[in-house]
Amino acid sequence: MHIYTLFDIIYLFLILFSLSHLSQPVNAAKKRPIQENIGDQLDSKVSQLWDWTQQRTIIPFTSYDSFQHYLRTKPRNYSVVLMLTALRSERGCQICKEARDEYKIVADSFRFSYGHRDSTHEKLLFFAMTDFDEGGGEIFESLHLKTAPVFIHYPPTGKPKSADRFDMSRQGLHAEALVQWISDVTSVRIRLFRPPNYTLLFTVGLLFILMMLGGYWMREQLDSFYNPIYWSLLSIAIVLVMISGQMWNQIRGPPMVHRDPNTGATGFFSGSSQYQFVAETGIVFALYGGITAALIMLNHDLLPLGSKSVVGVPSRGLSSLGGLIMFVIIFSYLLSIFKMKYQGYPYSFLLFG
1 MHIYTLFDII YLFLILFSLS HLSQPVNAAK KRPIQENIGD QLDSKVSQLW
51 DWTQQRTIIP FTSYDSFQHY LRTKPRNYSV VLMLTALRSE RGCQICKEAR
101 DEYKIVADSF RFSYGHRDST HEKLLFFAMT DFDEGGGEIF ESLHLKTAPV
151 FIHYPPTGKP KSADRFDMSR QGLHAEALVQ WISDVTSVRI RLFRPPNYTL
201 LFTVGLLFIL MMLGGYWMRE QLDSFYNPIY WSLLSIAIVL VMISGQMWNQ
251 IRGPPMVHRD PNTGATGFFS GSSQYQFVAE TGIVFALYGG ITAALIMLNH
301 DLLPLGSKSV VGVPSRGLSS LGGLIMFVII FSYLLSIFKM KYQGYPYSFL
351 LFG
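Read in order, the letters of the sequence shown correspond to residues 1 to 353 in the UniProt record's numbering.
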């Protein structure tokens with residue numbers, strides 16, 4: 001029978017203790033290359049995106065692999081705003097070109113403020129674009145998109161949520177709206193630098209010079225300038241432009257009409273009280289103008305006093321009757337439009353109820 005001495009027990013304990021601690025450096029050695037590999041991948045991605053940004057403010061993604069690698073695959077510590085569009089003239093997408101121009105203004109403005117590697121800005125943000133006809137077809141299919149343009153924000157972690165998709169129908173297509181949306185989803189404040197429109201400045205300057213020259217040459221024939229009728233018509237025109245929603249169109253940039261993708265039907269009026277189309281603005285402008293003309297007919301004669309109409313009715317009564325009929329028809333139709341846009345409005349006026 002073998003008897004273990006105290007020396008044997010101590011020797012066995014030291015061997016077991018050494019073996020248990022040798023396994024820890026091995027496990028740490030296994031984890032360290034993985035962490036270093038992830039860090040290298042992230043540095044490589046960011047470095048490549050920076051290089052592309054220095055060449056072009058908007059990075060073009062022309063393949064599904066690059067889209068998948070930089071926007072969907074981990075690791076990521078940066079945000080990307082992606083515009084999906086179709087710019088070829090055969091597509092007939094005029095709004096795509098307008099959206100591209102506004103998007104470029106935003107990307108250039110961001111570059112002026114933060115677009116350098118040594119920028120102290122705390123968040124990395126890049127701007128990218130995919131054209132359906134330039135290698136982006138597979139990207140459109142993966143996102144189940146059938147329309148353009150579309151703006152999507154890809155956050156540093158996770159997938160895009162509903163707030164990460166820009167709502168053009170509600171916010172419009174102007175650079176100011178894009179900047180506000182980017183600020184909401186990324187907390188990055190972009191100071192917008194819109195380049196001056198030299199064509200507009202030249203046109204306004206030329207018109208001003210022509211008006212001054214015309215006024216100088218016709219200074220003796222400017223009696224009509226003091227005619228109150230002309231000033232009344234000008235005032236009415238300005239009021240009609242303002243109340244019909246022209247300024248809203250300039251700010252939001254809505255489409256001309258709405259075309260149903262399923263039936264192909266064309267709609268001139270938006271069913272929402274928060275939105276309108278350009279054609280809708282023109283129709284409302286004409287209706288308000290018609291109401292104005294009807295009220296003028298009710299208060300003034302269109303023909304000299306005492307003259308007779310073709311059917312023998314005095315012109316004064318014909319003018320008032322025509323103005324009354326116009327007012328009833330146009331105001332009824334205008335009120336029906338208001339009732340359609342504000343669901344639940346209970347009132348109507350004679351016709352079109």
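Every residue, glycine too, gets a C-beta built ideally from N, C-alpha and C.
Being a predicted model, the structure only gives us computed values, none of them experimental.
Exercise. Going by C-alpha distance, which of G271, L145, I38 is nearest V257?
Worked result: Here residue 257 corresponds to residue number 257 of the sequence shown, with the count starting at 1. It is G271 whose Cα lies nearest to the Cα of V257.
Problem set entry | Delimiting residues of the beta strand (DSSP E) encompassing T85 | Reading the sequence shown from its first residue, position 85 is the one you call residue 85. Note, T85: beta strand (DSSP E), 78-85.
Exercise. Can the beta-carbon of P156 be found closer than 9 Å to that of R76?
Worked result: Along the sequence shown, one-based indexing puts residue 156 at 156. Along the sequence shown, one-based indexing puts residue 76 at 76. In contact: P156 and R76 (Cβ atoms closer than 9 Å).
Problem set entry | Cβ pair count under 8 Å reaching 3, the segment 282-298 against the segment 132-149 | no
Problem set entry | Per-residue burial, W231 [other beta carbons within 10 Å of its own, 16 or more giving buried] | By 1-based counting over the sequence shown, the position of residue 231 is 231. It is exposed - the Cβ of W231 has fewer than 16 other Cβ atoms within 10 Å.
Problem set entry | Proximity to L298 [Cα-Cα], best of S319, E280, L287 | The residue labelled residue 298 in the question sits at position 298 within the sequence shown. It is S319.
Problem set entry | For G205 and Y226, the rounded distance between their alpha carbons | Here residue 226 corresponds to residue number 226 of the sequence shown, with the count starting at 1. Here residue 205 corresponds to residue number 205 of the sequence shown, with the count starting at 1. Taking the straight line joining both Cα atoms gives about 25 Å.
For this session: Quick one: using the 10 Å Cβ neighbour count with 16 as the cut-off for buried, is G158 buried or exposed?
Result: As a position in the sequence shown, residue 158 is number 158, starting the count at 1. Burial call: exposed.
Problem set entry | Strand pairing of R165, partner residues [DSSP] | Numbered from its first residue, the sequence shown carries residue 165 at position 165. For R165, which the question treats as bridged, DSSP gives the partners I152.
Exercise. Taking H174 as the reference, which of I251, F127, S162 has the closest Cα?
Worked result: Along the sequence shown, read from residue 1 onward, the residue named residue 174 stands at position 174. Ranking the options by Cα distance to H174, first place goes to I251.
Exercise. By Cβ distance below 7 Å, which residues in the same chain neighbour W181 in space, the five residues on each side in sequence not counted?
Worked result: As a working mapping, residue 181 is identified with position 181 in the sequence shown. The residues are F166, Q171.
Exercise. With contact counted as at least three CB pairs below 8 Å, one residue from each stretch, are the segment 75-93 and the segment 138-151 in contact?
Worked result: yes
For this session: Could you check if H153 is buried or exposed, using at least 16 other CB atoms within 10 Å of its CB as the buried criterion?
Result: In the sequence shown, counting from the first residue as 1, residue 153 sits at position 153. Label assigned to H153: buried.
Exercise. From K341, S332, M211, pick the residue whose C-alpha is nearest to that of S348; which is it?
Worked result: To locate residue 348, count along the sequence shown from 1; it is residue 348. The shortest C-alpha separation from S348 is found at S332.
Exercise. Among residues of its own chain, excluding the 5 on either side of Q35, which ones have a beta-carbon nearer than 6 Å to its beta-carbon?
Worked result: The residue given as residue 35 occupies position 35 in the sequence shown. Model confidence at Q35 stands at a pLDDT of 49, short of 50, so the residue's coordinates are unreliable; what they give is reported in the following sentence. Within the same chain, Q35 has no close Cβ partners at all.
Problem set entry | Residue nearest to Q68 in terms of C-alpha spacing, selected from P254, L210, M326, E141 | Taking the sequence shown and counting its residues from 1, one reaches residue 68 at position 68. Out of P254, L210, M326, E141, E141 has the C-alpha closest to the C-alpha of Q68.
Problem set entry | Outcome for T281 when other beta-carbon atoms lying within 10 angstroms are tallied against a minimum of 16 | Within the sequence shown, the letter at position 281 stands for residue 281. That one is buried.
Exercise. Comparing alpha-carbon positions, which option in S336, F202, R189, I58 lies nearest K104?
Worked result: One-based indexing of the sequence shown puts residue 104 at position 104. The residue with the shortest Cα to Cα distance from K104 is I58.
Problem set entry | Nearest residue (CA-CA) to D184, options F208, S162, Y70 | Here residue 184 refers to the residue found at position 184 when the sequence shown is read from its first residue. Checking every option, the nearest Cα to that of D184 belongs to S162.
Problem set entry | CB contact flag (L125, V46, <9 Å) | Here residue 125 refers to the residue found at position 125 when the sequence shown is read from its first residue. Here residue 46 refers to the residue found at position 46 when the sequence shown is read from its first residue. Contact: no.
Exercise. How would you label I190, buried or exposed, when you count the other beta carbons within 10 angstroms and need 16 or more for buried?
Worked result: Taking the sequence shown and counting its residues from 1, the one referred to as residue 190 is at position 190. With 16 or more other Cβ atoms within 10 Å, it is buried.
Problem set entry | Spatial neighbours of K341 in its chain, beta-carbon cut-off 6 Å, leaving aside the 5 residues before and after | Position 341 of the sequence shown, counted from the first residue, corresponds to residue 341. Once the five neighbours on either side are set aside, the close Cβ partners of K341 are S273.
Problem set entry | Where L305 sits in the DSSP three-state scheme | Position 305 of the sequence shown, counted from the first residue, corresponds to residue 305. Per-residue confidence for L305 stands at a pLDDT of 48, beneath the threshold of 50, marking its modelled position as unreliable; the derived number appears in the next sentence. Looking at L305 - three-state DSSP - the assignment turns out to be coil, as it is neither helix nor strand.
Problem set entry | D131, DSSP secondary structure in three states | Position 131 of the sequence shown holds residue 131. In this structure, D131 counts as strand in the three-state DSSP scheme.
For this session: Can you say whether A107 is buried or exposed, counting buried as having 16 or more other CB atoms within 10 angstroms of its CB?
Result: Position 107 of the sequence shown, counted from the first residue, corresponds to residue 107. Classification for A107: buried.
For this session: Identify, in the order they occur along the chain, each residue of the same chain with its Cβ nearer than 6 Å to the Cβ of F127, setting aside the five sequence neighbours on each side.
Result: The sequence position of residue 127 within the sequence shown is 127, counting from 1. Once the five neighbours on either side are set aside, the close Cβ partners of F127 are I58, V81, A107.
For this session: Grab me the residues of G253's own chain with a C-beta within less than 8 Å of its C-beta, minus the 5 sequence neighbours each way, in chain order.
Result: Within the sequence shown, residue 253 is the residue found at index 253, counting from 1. Same-chain partners within the cutoff: E98, G172, L173, H174.
Exercise. How many angstroms separate the CA atom of R194 from the CA atom of S244?
Worked result: If you number the sequence shown from 1, residue 194 lands on position 194. If you number the sequence shown from 1, residue 244 lands on position 244. Distance between the alpha carbons of R194 and S244 is about 27 Å.
For this session: Count the other C-beta atoms from every protein chain shown that fall within 10 angstroms of the C-beta of F202, then say buried if there are 16 or more, exposed otherwise.
Result: On the sequence shown, residue 202 is found 202 positions in, with the first residue counted as 1. Per the 10 Å Cβ criterion, exposed.
Exercise. When the Cα atoms are used, what is the spatial distance from F268 to V278?
Worked result: Counting from one through the sequence shown, the residue named residue 268 turns up at place 268. Counting from one through the sequence shown, the residue named residue 278 turns up at place 278. Between F268 and V278, the C-alpha separation is close to 8 Å.
Exercise. In or out: S187 buried (at least 16 other Cβ within 10 Å) or exposed?
Worked result: Counted from its first residue, the sequence shown places residue 187 at position 187. Its Cβ having fewer than 16 others within 10 Å, S187 is exposed.
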